[in-house]
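*Asks:* Protein sequences, first through last, are from chains A and B. The C-terminal position of the first sequence is numbered 192 in this note's numbering, with every residue numbered one higher than the one before it. The C-terminal position of the second sequence is numbered 192 in this note's numbering, with every residue numbered one higher than the one before it. Glycine included, each C-beta is placed from N, C-alpha and C at the ideal position. Because the structure is a prediction, the values reported are computed rather than measured. For reference, the structure I am asking about is given below.
There are 2 protein chains.
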Amino acid sequence: MSRITVLRLSHRIGRDDRVTTHVALTARAFGASGIAISGDRDENLLNSLRGVTERWGGPFEVTHVDDWLRYLKERRSEGDLLVHLTMYGLSLLEVMEELKRLSATRTMVVIVGSSKVPREVYDLADYNVSIGHQPHSEVAALAVFLDRLLEGRVFSIAFQGAKIVVIPDPRRKRVVRSSYDRELRLRTEGES
Amino acid sequence: MSRITVLRLSHRIGRDDRVTTHVALTARAFGASGIAISGDRDENLLNSLRGVTERWGGPFEVTHVDDWLRYLKERRSEGDLLVHLTMYGLSLLEVMEELKRLSATRTMVVIVGSSKVPREVYDLADYNVSIGHQPHSEVAALAVFLDRLLEGRVFSIAFQGAKIVVIPDPRRKRVVRSSYDRELRLRTEGES
Numbered sequence: 001m002s003r004i005t006v007l008r009l010s011h012r013i014g015r016d017d018r019v020t021t022h023v024a025l026t027a028r029a030f031g032a033s034g035i036a037i038s039g040d041r042d043e044n045l046l047n048s049l050r051g052v053t054e055r056w057g058g059p060f061e062v063t064h065v066d067d068w069l070r071y072l073k074e075r076r077s078e079g080d081l082l083v084h085l086t087m088y089g090l091s092l093l094e095v096m097e098e099l100k101r102l103s104a105t106r107t108m109v110v111i112v113g114s115s116k117v118p119r120e121v122y123d124l125a126d127y128n129v130s131i132g133h134q135p136h137s138e139v140a141a142l143a144v145f146l147d148r149l150l151e152g153r154v155f156s157i158a159f160q161g162a163k164i165v166v167i168p169d170p171r172r173k174r175v176v177r178s179s180y181d182r183e184l185r186l187r188t189e190g191e192s
Numbered sequence: 001m002s003r004i005t006v007l008r009l010s011h012r013i014g015r016d017d018r019v020t021t022h023v024a025l026t027a028r029a030f031g032a033s034g035i036a037i038s039g040d041r042d043e044n045l046l047n048s049l050r051g052v053t054e055r056w057g058g059p060f061e062v063t064h065v066d067d068w069l070r071y072l073k074e075r076r077s078e079g080d081l082l083v084h085l086t087m088y089g090l091s092l093l094e095v096m097e098e099l100k101r102l103s104a105t106r107t108m109v110v111i112v113g114s115s116k117v118p119r120e121v122y123d124l125a126d127y128n129v130s131i132g133h134q135p136h137s138e139v140a141a142l143a144v145f146l147d148r149l150l151e152g153r154v155f156s157i158a159f160q161g162a163k164i165v166v167i168p169d170p171r172r173k174r175v176v177r178s179s180y181d182r183e184l185r186l187r188t189e190g191e192s
């Protein structure tokens, strides 16, 4: 299984809290092995994301990156494959098979920005890839990219050490919780 | 082609601006025919979304809904299919073929909430459907749901009356703009 890290560019405390959270949770749920967040060092966000992994299981690595340019250059010099998701890039359909082949042996860094992405990212990336050419969302782009690259891993992924597990139900919220990490007790959640 | 409206529940001005925007843009880019937004009536958001359709093409209908419960009951009584995306529901993989079959003849309302979804939504929905059972993002869930239901329509969708069209490029941002709606002039965008 290929190893994938998501790099979230230029996080700003306050303004980006929720979207960066969505990016990180999507990375985890869809099969990436970690997220690196550049921009503001946001301890609340980092702790909150680590809390999700503590409750819902891991492994999923959450790190802050001081200098994204240096980070990308280092990853590149280590042989990692840099893929930048942008509505201006080549269609994922065109490069999908190539990416699947390459990612079988190389770690991949999937770069997602917000509105303004510096020119260097386009230049440094091995691939600038688009999920359609309309404006939408880096969360949507990341989800569909990972869903297609990892062939639906979101539907089968299992996390280690989870204290909460959902029991799929057609009509209500049902979860299993472990209060002491080992003892699981079945519980049906209330109204919502 | 099936007709799909996305219902975004309980929008709050300020707090939800960006995520609701991402939900709406994802709905449009991935092939839904419109979005209905309940909660706060947010004229700035509605205008901004209509502006996207004006520049990037349509049709894509953007409406505010005063009473989501009444809206859902009306849609239901008109024979529409109500699908609620929730991490607690049945896996999309289990119901995909059924949904494809049903949506061929019935309009579908895809309901996406934020953190707290009222119990009535689970009860009223014909299907409570999950994209994996981990916490992630309603934007991610909507994107993957539409991508799979509409079989990659995001990659081929064409909008009418677009004033901006992206020219896919492996290395840079390139767009075609029409200044006067009819006359298109080729232009390569600057650095970013």
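Where do the N-terminal and C-terminal ends of the beta strand (DSSP E) with E98 of chain B fall, by residue?
*Replies:* Careful: E98 of chain B lies outside any beta strand (DSSP E), inside the alpha helix (DSSP H) at 92-103.
*Asks:* Considering only DSSP beta bridges, list what L85 of chain A is partnered with.
*Replies:* Secondary-structure assignment with DSSP links L85 of chain A through a beta bridge to A:V129.
*Asks:* Is it buried or exposed, A141 of chain B, if we count other Cβ atoms within 10 angstroms and call 16 or more buried?
*Replies:* buried
*Asks:* Please confirm if N44 of chain A has its CB atom under 9 Å from at least one CB of chain B.
*Replies:* Cβ-Cβ to chain B under 9 Å: no for N44 of chain A.
*Asks:* Pick helix, strand or coil for L186 of chain A, following the three-state DSSP scheme.
*Replies:* Residue placement at L186 of chain A is flagged as unreliable, the pLDDT there being 43, under the threshold of 50; a coordinate-derived value is accordingly withheld.
*Asks:* Tell me whether A29 of chain B sits in a helix, a strand or coil according to DSSP, three-state version.
*Replies:* helix
*Asks:* I'd like to know whether the C-beta of I157 of chain A is nearer than 9 Å to at least one C-beta of chain B.
*Replies:* yes
*Asks:* Would the region 157-169 of chain A count as touching the region 156-172 of chain B if we require 3 or more Cβ pairs under 8 Å?
*Replies:* no
*Asks:* Please report the straight-line C-alpha distance between R187 of chain A and P170 of chain A, rounded to a whole angstrom.
*Replies:* Residue placement at R187 of chain A cannot be trusted, given a pLDDT of 42 that sits under 50; what the coordinates show is reported in the next sentence. In a straight line, the C-alpha of R187 of chain A is about 16 Å away from that of P170 of chain A.
*Asks:* Roughly how many angstroms separate the alpha carbons of T20 of chain B and H11 of chain B, rounded to a whole number?
*Replies:* Looking at the backbone, the Cα of T20 of chain B and that of H11 of chain B are separated by about 7 Å.
*Asks:* Short of 6 Å in beta carbon distance, which residues of its chain neighbour N128 of chain A, apart from the five on each side in sequence? Order them along the chain.
*Replies:* Around N128 of chain A: H84, T86, G89, Y122.
*Asks:* Here's the rule I'm using: 16 or more other beta-carbon atoms within 10 Å means buried, otherwise exposed. How should E97 of chain B be labelled?
*Replies:* exposed
*Asks:* For the beta strand (DSSP E) holding S178 of chain A, just list the boundary residues, first then last.
*Replies:* 174-178
*Asks:* Can you check whether the C-beta of V6 of chain A is within less than 9 Å of a C-beta belonging to chain B?
*Replies:* Interface flag for V6 of chain A against chain B is unset, since no Cβ pair is found closer than 9 Å.
*Asks:* To the nearest angstrom, how far is it from the Cα of G39 of chain B to the Cα of L93 of chain B?
*Replies:* 31 Å
*Asks:* By the three-class DSSP mapping on this structure, what secondary structure does R12 of chain B have?
*Replies:* coil
*Asks:* Could you check whether the Cβ of R174 of chain A sits closer than 9 Å to any Cβ belonging to chain B?
*Replies:* yes
*Asks:* Run down chain A in chain order and give the residues with a C-beta less than 8 Å from the C-beta of Q160 of chain B.
*Replies:* From the beta-carbon of Q160 of chain B, no residue of chain A is found nearer than 8 Å; the closest lies around 13 Å away.
*Asks:* At a cut of 8 Å, does the region 73-81 of chain A reach the region 45-64 of chain A through at least three beta carbon pairs?
*Replies:* no
*Asks:* Can you tell me whether T5 of chain A is buried or exposed, with buried defined as 16 or more other CB within 10 angstroms of its CB?
*Replies:* buried
*Asks:* Using the C-alpha atoms, what's the distance from L82 of chain A back to L124 of chain B?
*Replies:* 44 Å
*Asks:* Determine the direct distance from the alpha carbon of D80 of chain B to that of A36 of chain A, and round the result to whole angstroms.
*Replies:* 42 Å
*Asks:* When you compare the CB positions of H133 of chain B and P168 of chain A, do they come within less than 9 Å of one another, or not?
*Replies:* yes
*Asks:* Can you name, in chain order, every residue of its own chain whose Cβ lies under 7 Å from the Cβ of D17 of chain B, other than the five neighbours on each side?
*Replies:* Counting only Cβ-Cβ distances below 7 Å, and skipping sequence neighbours, we find L45.
*Asks:* Please report the residue range of the beta strand (DSSP E) in which V110 of chain B lies.
*Replies:* Note, V110 of chain B: beta strand (DSSP E), 108-112.
*Asks:* So which residues on chain B does G89 of chain A lean against when the C-beta distance must stay under 8 Å?
*Replies:* P168, D169, P170
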